[in-house]
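See below for the structure under consideration.
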Amino acid sequence: MIKGTGQPIGKDSTYAKTIANFEATLNKVGIKIVIEKWNNPVKNVWSVLIRDRLRKGFFSNGKGTIKEQAYASALGEFCERLCTGFYFYNQVIDLDDKSALKLPFILHPNELWADSKTKISDKQFHPLVRELGLKNIKGLQEKSLIGREEKILALPYIREEDSKTFYLPMSVITNLYMSNGHAAGNTIMEAKVQALSEVFERAIKKRIIKERIALPEIPDRFLRKFPRIWEGICALKKAGYGLYIFDASLGGTYPLANMVLIDPQGKGVYTSYGAHPSMEVAIERTLTELLQGRVLKEATFFTMPIEDHGHISSEENWFEHFVDSSGKIAWSSILNKSEYNFTPWGVDGRDRQKEWDYLVNIALNQDLEILVSEYSFHGMNACHIIVPKFSEIYPLSEVAENNSNRSRKYYHWLKKISKAGRLTGKDALALLNYIERKDFLPDQLAIEDLIGNMQKVDFKEVTVLVVRLLLYLQLKKYKKISTILDEMRFRHDLNEWERSLLVYCELKILKGTAFKRVKDFYQHSISLSFLKYFMRPSRFFIDLGKIYIEGNTILLPLLAKRNL
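Everything in the sequence shown is counted per our numbering, starting at 87 for the first residue and increasing by one.
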């Protein structure tokens, strides 16, 4: 166990106690933490990647100015994702499984299972639900929850302004908000402050980037007040990097800081943001976020600023910023003179209630609504905060466009095939006809994006295209295969499954000189680990079904322990 001392600003416990409490809690529910990687690129900047030994998809990152802080941060993020149920988002959970039937609830003790006949205007639902463009709530079934086909899972949120409870369907939460607004803490108030700070960070970051807002610099004389932060800044500059430290509060309105790191070899820039009611904590988070998990010498994370306003303001660019800050920023936002003056802001970071009141007042003064869902399991304190029409990562239209029950039927087919241990011609044809419906999703879509995450890494790149080709092979529809190959040969974005299957199909149906043509074009051979599936496609579908069935045997016991 890593030991840490001293109670930090913005926290309700020492690092040592935080680490001990989180580790004990995770051990209690059967989580065995493995430290994957430490990173310490410059003085006073640490980050760490941890994951569960059994469930490879359960991982988290932590950052801080000292090693103990980074580890406590990573454990906190892990507990946050476990406690709020984020780790179970997009995980296939078969609710008809015997173990699932014994669970008192799935994600929240006060969750609601609404009948599919419930009107979308039902007052139990938050008014946001009525603005999604759906005629009824059948379109709000969470695609990764298999079973209870006539029910919709909705989670409770309490409105800060009047303590009124509203329900939001899980599919709305997973499609619009993702990880935004989730937090854990030594106390529930610490978690709430962190969650709402993150909401402001993401929303104002999005506005600054999209509107290409130039920000005022934070003076060195002010930064020197925080010795540990200042030492980290100086270490970066000494290493040859350019660094702008900006006040992103937009005139003292929001608790945000921003940094822009400039590569000395001219490869571009990298930007990060941090938010907290304490200005010191916000600047520290911005610095540690800037270098979290990054190797400076590799410099692969830098991108060149542009002045393409259409691209800068696009949803695609914003999503890249949300995921890993790899999106583009405008030259003008770095170089232009700001309309704002540097404005110190915030409150003392030793009183969580004052911090919370400070953040709530910012929201209410702008007529924003704060919805809070609190979670407490085994002493873990966590929450998820949603600010409707402010904290969304995706547009509201995403719910109707991306939430489909097609995945449920596909899962049931895989389950049937796997349990039978064979793929009949009738099943193969039915599955193929289902996939090739006009409203089905594109060939490039990963199967785990359609159904849900899978535990086996080897299958993560399987796409709808791979499934179609394997079904054609099973049914010996070689003319259909030839048509698809004509399109595939000119694609440069094929993954390993697709490339290997292309070569195999060329050899299978074209023979002769085809091998030389394929070899010259792609310069690779078939991946041997996939060959058994190409030669016997039925085995692929049997094994794919097993992966999802076995995933339940890993997830459901954890849910049971979490929910005790």
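Using N, Cα and C, we set each Cβ at its ideal position, and we do this for glycine too.
On a predicted model such as this, the values are computed, not experimentally measured, just so you know.
Residues in the same chain with beta-carbon distance under 7 Å from residue i, minus the five sequence neighbours each way, listed in chain order, please.
i    : result
Y330 : E303, M345, V346, I420
V458 : Y243, I244, E246, K278, C469, I471
L231 : I179, L181, L239
K566 : Y558
G511 : L561
M275 : R438, Q439, W442
E228 : L239, M256, S257, T260
V131 : T151, G318, L373, T374, L377
Taking the beta strand (DSSP E) that residue i falls in, what are its first and last residues?
i    : result
R245 : 237-245
K565 : First-last for K565: 564-574, but that is the alpha helix (DSSP H), not the beta strand (DSSP E).
I331 : 328-333
V346 : 342-348
A200 : 198-201
Assign residue i to one of two classes, buried (16 or more other C-beta atoms within 10 Å of its C-beta) or exposed (fewer than that).
i    : result
S249 : exposed
R700 : With the chain covering only 87 through 650, there is no way to say anything about residue 700.
D98  : buried
A514 : buried
M87  : Because the pLDDT of M87 is 34, which lies under 50, any placement of that residue in the model is unreliable, and the number read from its coordinates should be weighed accordingly. So M87 ends up on the exposed side.
Q560 : buried
T357 : buried
L282 : buried
N256 : Per the sequence shown, residue 256 should be read as Met rather than Asn. Its Cβ being crowded by 16 or more others within 10 Å, M256 is buried.
T170 : buried
K495 : exposed
A361 : buried
S615 : exposed
W431 : buried
T429 : exposed
What are the boundary residues of the alpha helix (DSSP H) that residue i is part of?
i    : result
V485 : 483-488
G631 : 623-648
S104 : Looking at the sequence shown, residue 104 is not Ser but Thr. Segment 101-114, the alpha helix (DSSP H) holding T104.
G538 : Counting along the chain, G538 falls outside any alpha helix (DSSP H), and DSSP gives it neither H nor E.
V355 : Per DSSP, V355 belongs to no alpha helix (DSSP H); it is in the beta strand (DSSP E), 355-361.
Y444 : 438-451
Y520 : 511-521
V279 : 274-296
K224 : Premise fails: K224 is in no alpha helix (DSSP H) and is neither H nor E.
Which value, in whole angstroms, describes the spacing of the CA atoms of residue i and residue j?
i    : j    : result
K114 : N451 : 43 Å
P341 : D437 : 16 Å
N125 : Y590 : 42 Å
Y608 : P623 : Low local confidence applies: a pLDDT of 48 at Y608 is under 50, so the model's placement there is unreliable, with the coordinate-based value given in what follows. Taking the straight line from one Cα to the other gives about 23 Å.
H578 : E584 : 11 Å
D349 : Y564 : 52 Å
H194 : Y461 : 7 Å
A385 : K118 : 33 Å
G379 : E441 : 29 Å
W417 : G396 : 14 Å
A646 : T111 : 14 Å
P391 : Y426 : 22 Å
V367 : Q155 : 12 Å
T372 : K205 : 44 Å
L588 : M621 : 13 Å
N422 : Q210 : 48 Å
E582 : L556 : 15 Å
R314 : N266 : 28 Å
E534 : A270 : 28 Å
I299 : Y263 : 24 Å
I448 : G338 : 11 Å
Going by DSSP, name the residue or residues bridged to residue i.
i    : result
K149 : S133
I471 : V458
Y253 : F211, P242
D180 : I232
K123 : L135
F463 : M466
H268 : H470
A506 : Answer by DSSP bridge pairing: none, since A506 is not bridged.
T549 : A532
E303 : F332
I392 : A416
So, for residue i: in the same chain, excluding its five sequence neighbours on each side, which residues have a beta-carbon less than 8 Å away from its beta-carbon?
i    : result
V128 : G318, A321, L322, A325, L377, L382
V120 : I136, R137, D138, R139
N261 : Y480, E484, V485, N488, N489
R554 : L518, I521, E522, D529, I570
T104 : G90, K97, A158, L161, G162, N272
N107 : S99, N272, G465
Identify, in the order they occur along the chain, each residue of the same chain with its Cβ nearer than 6 Å to the Cβ of residue i, setting aside the five sequence neighbours on each side.
i    : result
S202 : K224, E236
Could one say the Cβ of residue i lies closer than 8 Å to chain C's Cβ atoms, at least one of them?
i    : result
L187 : No chain C is part of this structure, which consists of one protein chain only.
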